[in-house]
Amino acid sequence: RFFPNITDIPPWIKNNATSKAPWDAFNKFAGCRPGEKREGLSQLKQYFNHFGYIPNSPSNFSEDFDDELEKALKSYQQNFKLNVTGQLDDQTLQQIVRPRCGNADVINGTSSMNSGRSSSFHTTGHLHTTAH
Amino acid sequence: FSFFPGTPRWPSNRQDLTYSFLPANGLTDEVKAVFTSAFQKWSTVTPLTFTQVDSYSSADITIGFYTGDHGDGEPFDGVLGTLAHAFSPTSGRLHLDGDENWVVSGDVTKASVSTAVDLESVAVHEIGHLLGLGHSSVEDAIMYPSITSRTRKVELADDDIQGIQLLYGTNPNYNGSTTSNTQERESSGGDP
Numbered sequence: 001r002f003f004p005n006i007t008d009i010p011p012w013i014k015n016n017a018t019s020k021a022p023w024d025a026f027n028k029f030a031g032c033r034p035g036e037k038r039e040g041l042s043q044l045k046q047y048f049n050h051f052g053y054i055p056n057s058p059s060n061f062s063e064d065f066d067d068e069l070e071k072a073l074k075s076y077q078q079n080f081k082l083n084v085t086g087q088l089d090d091q092t093l094q095q096i097v098r099p100r101c102g103n104a105d106v107i108n109g110t111s112s113m114n115s116g117r118s119s120s121f122h123t124t125g126h127l128h129t130t131a132h
Numbered sequence: 001f002s003f004f005p006g007t008p009r010w011p012s013n014r015q016d017l018t019y020s021f022l023p024a025n026g027l028t029d030e031v032k033a034v035f036t037s038a039f040q041k042w043s044t045v046t047p048l049t050f051t052q053v054d055s056y057s058s059a060d061i062t063i064g065f066y067t068g069d070h071g072d073g074e075p076f077d078g079v080l081g082t083l084a085h086a087f088s089p090t091s092g093r094l095h096l097d098g099d100e101n102w103v104v105s106g107d108v109t110k111a112s113v114s115t116a117v118d119l120e121s122v123a124v125h126e127i128g129h130l131l132g133l134g135h136s137s138v139e140d141a142i143m144y145p146s147i148t149s150r151t152r153k154v155e156l157a158d159d160d161i162q163g164i165q166l167l168y169g170t171n172p173n174y175n176g177s178t179t180s181n182t183q184e185r186e187s188s189g190g191d192p
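Going down the list, the sequences are from chains A and B.
The working numbering applies: residue 1 is where the first sequence begins, and numbers increase by one.
The working numbering applies: residue 1 is where the second sequence begins, and numbers increase by one.
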């Protein structure tokens with residue numbers, strides 16, 4: 001839908017503006033911590049898989065807040081210059097649900113997004129710089 | 001700034017690039033002009049040039065609006081969420097989500113609809129991918145991955161310029177500022 005000018009946006013669009021964006025459902029995970037099991041976490045893992053933070057693409061992601069999700073969160077928080085907590089805090093969730101480009105942030109398991117540094121995380125959150 | 005793995009770029013014998021729009025979209029000249037302006041942001045700082053052509057099949061860069069699954073394994077998801085994606089050099093494919101409420105002109109920050117997305121802002125970002133840039137952690141950079149609806153961001157940041165000039169060099173006419181010849185930064189209310 002194209003609107004040559006903001007004044008051209010018809011009323012029915014405005015009335016539908018409260019419809020949920022695809023990732024709004026992730027807001028329900030606020031405060032969710034490692035070790036918990038929540039319905040829908042598999043979809044959040046798919047989100048991180050799509051943008052490269054979880055490298056493998058199994059047929060089914062579990063609903064567990066496991067090490068893989070925590071690791072992905074830390075890498076995501078590093079890339080977006082958020083506090084690296086490994087948890088689904090409000091600041092991180094606000095960033096996750098924002099509209100964005102569909103291209104991955106992490107390609108082939110390597111992110112050079114933050115300050116041009118290639119980096120990877122262990123589950124402890126320590127930064128390790130790779131030679132390439 | 002970052003690059004795609006392997007640092008793909010348009011080769012030195014392909015610096016004058018052509019672009020074309022998916023005929024089935026039937027875009028108006030006004031919409032096409034948004035992309036012309038977006039390409040200009042990048043040509044201002046590099047030796048690259050961009051010329052619109054009618055022949056979709058022979059153009060270096062192809063631009064199309066699609067909805068849902070459109071055959072490249074990266075389906076769009078309706079209003080908001082994923083707005084667009086683009087491929088690394090020398091694929092030249094730029095896809096935008098046809099379900100978005102794209103604002104072509106006017107001050108998008110004053111839009112009454114919370115889902116209004118500024119077309120040029122997204123176009124400038126995706127062209128960066130077409131030229132070989134990956135995402136940046138610098139929030140002010142065009143290549144930052146996310147953009148809030150009702151936001152306009154079309155000026156290249158230093159981070160974007162450093163990245164693209166590493167790939168292609170500098171436009172000999174570039175004077176070190178991307179804003180002096182434009183009338184962006186509408187929210188400033190001050191000097192153009």
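Beta carbons are placed, not taken as given, at the ideal position from N, Cα and C, and that holds for glycine.
Here the structure is a predicted model, which means the values were calculated and not measured.
Beta-carbon of residue i versus every beta-carbon of chain B: anything under 9 Å?
i	result
ASP89 (chain A)	no
GLY116 (chain A)	Confidence in GLY116 (chain A) is poor, its pLDDT being 42 and thus under 50, which makes the residue's placement unreliable; the coordinate value appears in the next sentence. Judged by the 9 Å Cβ criterion, GLY116 (chain A) is in contact with chain B.
ARG1 (chain A)	yes
CYS101 (chain A)	yes
ILE9 (chain A)	yes
ASN79 (chain A)	yes
ILE6 (chain A)	yes
PHE72 (chain A)	Note that residue 72 (chain A) is Ala in the sequence shown, not Phe. No, because no Cβ of chain B sits closer than 9 Å to the Cβ of ALA72 (chain A).
THR110 (chain A)	yes
PHE51 (chain A)	yes
ASP105 (chain A)	yes
GLN95 (chain A)	yes
GLY125 (chain A)	Any reading at GLY125 (chain A) must be qualified, since the residue scores a pLDDT of 36, below 50, and its modelled position is unreliable; no value is offered.
PRO22 (chain A)	yes
Apart from the five residues just before and just after residue i, which ones in its own chain have a Cβ nearer than 7 Å to its Cβ?
i	result
ASN25 (chain B)	GLY64 and PHE65
PRO75 (chain B)	GLY68 and ASP69
LYS45 (chain A)	ILE54, PHE61 and LEU69
GLU55 (chain B)	For the record, residue 55 (chain B) in the displayed sequence is Ser; it is not Glu. Answer for SER55 (chain B): SER20, listed in chain order.
PHE26 (chain A)	LEU44, LEU93, ILE96 and VAL97
ALA72 (chain A)	PHE48, TYR53 and ILE54
THR195 (chain B)	Outside the displayed span of chain B (1 to 192) sits residue 195 (chain B), for which this structure offers no information.
GLY190 (chain B)	Only weak support exists for where GLY190 (chain B) lies, its pLDDT of 31 falling under 50; the value from the coordinates is given anyway. Closer than 7 Å at Cβ, skipping near neighbours: no residue.
Strictly under 9 Å for the Cβ-Cβ distance: is residue i near chain A by that measure?
i	result
ALA116 (chain B)	yes
PRO8 (chain B)	no
LEU156 (chain B)	no
SER112 (chain B)	yes
GLU139 (chain B)	yes
GLU30 (chain B)	yes
TYR90 (chain B)	What sits at residue 90 (chain B) in the sequence shown is Thr, not Tyr. Taking Cβ atoms only, chain A never reaches closer than 9 Å to THR90 (chain B), which makes this a no.
VAL104 (chain B)	yes
HIS129 (chain B)	yes
PRO5 (chain B)	yes
PHE21 (chain B)	no
GLY78 (chain B)	yes
GLN15 (chain B)	no
GLY195 (chain B)	Given that chain B is displayed from residue 1 to residue 192, the structure contains no residue 195 (chain B) and the question cannot be resolved.
SER149 (chain B)	yes
LEU119 (chain B)	yes
LEU27 (chain B)	yes
SER2 (chain B)	yes
By DSSP's criteria, residue i is part of a beta bridge. Which residues make up the other side?
i	result
ILE107 (chain A)	A:THR110
CYS101 (chain A)	B:ALA84
SER57 (chain A)	Per DSSP, none; premise fails for SER57 (chain A).
ARG93 (chain B)	B:THR62
ASP118 (chain B)	B:VAL103
ASP16 (chain B)	B:THR49
LEU167 (chain B)	DSSP output for LEU167 (chain B) lists no bridge partner at all.
SER62 (chain A)	SER62 (chain A) pairs with nothing; no bridge assigned.
LEU133 (chain B)	B:PHE3
LYS37 (chain A)	A:ASP64
SER146 (chain B)	A:ARG100
PHE3 (chain A)	B:VAL103
PHE21 (chain B)	B:ILE63
By Cβ distance below 6 Å, which residues in the same chain neighbour residue i in space, the five residues on each side in sequence not counted?
i	result
VAL122 (chain B)	LEU83 and ALA84
ASP140 (chain B)	ALA157
ASP60 (chain B)	LEU17, THR18 and GLY92
VAL31 (chain B)	VAL104
Once the 5 residues before and after residue i are set aside, which same chain residues still bring their CB inside 8 Å of it?
i	result
HIS135 (chain B)	SER2, MET143, TYR144 and PRO145
GLU100 (chain B)	VAL79, LEU80, LEU83, THR115 and VAL117
GLN77 (chain A)	ASN83, VAL84, THR85, GLY86 and THR92
If you measure from the beta carbon of residue i to each beta carbon in chain E, is any gap under 9 Å?
i	result
ARG98 (chain A)	Within the model displayed, chain E is absent; protein chains A and B are what it includes.
So does the stretch 149-168 of chain B actually touch the stretch 7-20 of chain B, counting three or more Cβ pairs closer than 8 Å?
The stretch 149-168 of chain B is in contact with the stretch 7-20 of chain B.
Please specify which runs of the beta strand (DSSP E), each continuous and at least 3 residues long, are wholly inside the stretch 26-74 of chain B, giving them in chain order.
You should have 49-52 and 61-66.
Give a yes or no on contact between the stretch 98-112 of chain B and the stretch 84-97 of chain A, applying the rule of three or more CB pairs nearer than 8 Å.
By the Cβ rule, the stretch 98-112 of chain B does not count as touching the stretch 84-97 of chain A, because fewer than three pairs are nearer than 8 Å.
Give a yes or no on contact between the stretch 125-132 of chain B and the stretch 37-46 of chain B, applying the rule of three or more CB pairs nearer than 8 Å.
Contact annotation: the stretch 125-132 of chain B touches the stretch 37-46 of chain B, with at least three C-beta pairs closer than 8 Å.
Is the stretch 113-120 of chain B in contact with the stretch 138-149 of chain B, if contact means three or more CB pairs nearer than 8 Å?
Segments in contact, yes.
Is the stretch 30-41 of chain A close to the stretch 77-85 of chain A, with three or more CB pairs under 8 Å?
With the cut-off at 8 Å, the stretch 30-41 of chain A and the stretch 77-85 of chain A do not touch.
For the stretch 86-93 of chain B against the stretch 63-73 of chain A, do three or more pairs of beta-carbon atoms, one drawn from each stretch, fall closer than 8 Å, so that the two count as touching?
Because the criterion of three Cβ pairs below 8 Å is not met, the stretch 86-93 of chain B and the stretch 63-73 of chain A do not touch.
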